[in-house]
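Positions 0 to 45 (numbering that gives the first Met the number 0) are the ones given, in order, by the sequence shown. Beta carbons are placed, not taken as given, at the ideal position from N, Cα and C, and that holds for glycine. Bear in mind the structure is a predicted one, so any value in this text is a computation, not a measurement. As structure tokens, the structure follows; a few thoughts come after it.
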Amino acid sequence: MQIAEPLLVAIEELSKLPGIGKKTAQRLAIHLLKCEDQQVERLITA
């Protein structure tokens, strides 16, 4: 499965968080893609 470059970057950055491995980072990134824009904006500004 090929993953788009922006998604790979998001996974890489999320996996830098303490306790977050590559698989969890991938799940989080995909979850964020499925979220409504407002939810993501609230997370960004938090």
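Extent of the continuous alpha helix (DSSP H) to which residue i belongs
i          : result
residue 35 : Where residue 35 is concerned, there is no enclosing alpha helix (DSSP H), given that its DSSP letter is neither H nor E.
7 angstroms CB neighbourhood of residue i in its chain, flanking five on each side removed
i          : result
residue 25 : 10
Residue i to residue j span [Cα, whole Å]
i          : j          : result
residue 37 : residue 31 : 11 angstroms
residue 14 : residue 7  : 11 angstroms
Coil, strand or helix - residue i by DSSP
i          : result
residue 10 : helix
residue 42 : helix
residue 3  : coil
residue 16 : coil
Same chain, Cβ closer than 6 angstroms to residue i, neighbours up to 5 away in sequence not counted
i          : result
residue 44 : none
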